[in-house]
Amino acid sequence: MDSQTVAWIVVNLIGSVCVNLGQNVMKMGHNKRAALECLDSERPNIKRIREWQVGVVIFLAGGIANFVSFGYAPQSLLSALGSVQFVSNVVFASVVLKERVTVRTIGATACIVAGCVLLVVFTGSSSETLTVPVLMSYYSSPAYIAYLVAMLFVATGFFSLYRHGKRLSARGEARQHWDRLLPVSYALFCAPLGTQSVLFSKSVSVLLRTTLAGESQLGYWFTYVSLIAFVVTITFWVTRLNKSLKLFTAIVIVPTMQIGWTIFSILSGGIYFHEFEDYDSLETAMFVLGVVVIMARRGSSS
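The opening position of the sequence shown corresponds to residue 609 in the working numbering, with each subsequent residue numbered one higher.
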């Protein structure tokens, strides 16, 4: 892995930590609003709470760093490394929000560190520039079309499950069961759609990089459609994330949302950009092992 790719990986990691810090500060704003001793209708809009405003700024700063970094390293790799937020979330949820962190949760973060090391050491790098015709041709890939169809089924299915569980929980039916399942179904409804922002982000970033290299991509309609699609999908994700922070505790929903985000970002990037095709047998095995080790964190901490 060349030094330039490593540098952009560091930028992405810093951005991911900032995104997570922003989420926790936003949650602090929600907690502050909920703690006000008045009727809910009399509480100020969350957008007027200073902590929430600061959290949004930090979140956006981290998002910009991630946006730029995706133009210089594989989406599947950077998405997996975004799991560093699991580690930072343990710290921020404890220090910023004063939420209880169990010994199992602390010990489970070792899985993330080990998984990230495997990914960085064994995964190859790809920093090629791409053009609009190439990106457009990727949409005709049977594998990516199949992924999009499956993604829509997953999002629709978990949205229906979330709505059903929310109604039953409100009536007190199997409340404890649904209290555990609702965050998962919410995350798996949001993540397939929200992670399209990563794909469009990388597309725009790569096209800008190609343009700066002397081959302008600004004359294609696809460039602007990708930019608009990025704005729409990232707005959807941030909106749903903000709502999730209001509905669930940060130490539960942030890792759950991040797992969904990581899985679908890896799949969409690997399939759409054909990144998996660049891996040899060892890199493929270590990549899968690294992701499995990282994902095992959720099981060991729940």
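Even for Gly, the Cβ is constructed at its ideal location relative to N, Cα and C.
What you are looking at is a predicted structure, and each value in this text was computed from that prediction instead of being measured.
Asked                                                                                                                  : Found
7 Å Cβ shell around tryptophan 616 - same chain, five flanking residues per side excluded                              : Ser677, Tyr680 and Ala681
DSSP three-state assignment for aspartate 888, whether helix, strand or coil                                           : coil
Member of Phe895, Met865, Tyr747 and Gly878 whose CA lies at the smallest distance from the CA of valine 792           : Met865
Local conformation of asparagine 653 per DSSP, three classes                                                           : coil
Alpha carbon of leucine 789 to alpha carbon of tyrosine 828, nearest angstrom                                          : 44 Å
Residue range of the unbroken alpha helix (DSSP H) whose run includes tyrosine 680                                     : From DSSP, tyrosine 680 is part of no alpha helix (DSSP H); its letter is neither H nor E.
Spatial neighbours of alanine 799 in its chain, beta-carbon cut-off 6 Å, leaving aside the 5 residues before and after : Gly868, Trp869 and Phe872
As assigned by DSSP and simplified to three states, the class of glycine 877                                           : helix
Three CB pairs or more closer than 8 Å across the stretch 751-766 and the stretch 805-825                              : no
As assigned by DSSP and simplified to three states, the class of glycine 749                                           : Rather than glycine, the amino acid found at residue 749 in this sequence is serine. The answer is coil: DSSP assigns serine 749 none of H, G, I, E or B.
Beta-carbon proximity of isoleucine 654 to glycine 637, cut-off 8 Å                                                    : yes
Selection from Leu689, Leu760 and Lys635 that minimises the alpha carbon distance to valine 618                        : Leu689
As assigned by DSSP and simplified to three states, the class of valine 740                                            : helix
Beta carbon of valine 881 nearer than 8 Å to that of tyrosine 747                                                      : Checking the sequence shown, residue 881 turns out to be phenylalanine, not valine. Cβ distance not < 8 Å, so phenylalanine 881 and tyrosine 747 don't count as in contact.
Buried versus exposed, by CB contacts within 10 Å (16 or more), glycine 898                                            : buried
Candidates Asp648, Leu849 and Asp787: closest to valine 664 by CA position                                             : Leu849
Isoleucine 859 and asparagine 697 closer than 8 Å at C-beta                                                            : yes
Residue ranges of each alpha helix (DSSP H) within the stretch 628-672, 4 or longer                                    : none
As assigned by DSSP and simplified to three states, the class of glycine 822                                           : coil
Alpha helix (DSSP H) runs contained entirely in the stretch 782-860, provided each spans 4 or more residues            : 783-802, 804-820 and 829-855
Endpoints, the alpha helix (DSSP H) within which valine 704 is located                                                 : Note, valine 704: premise wrong, no alpha helix (DSSP H); not H, not E.
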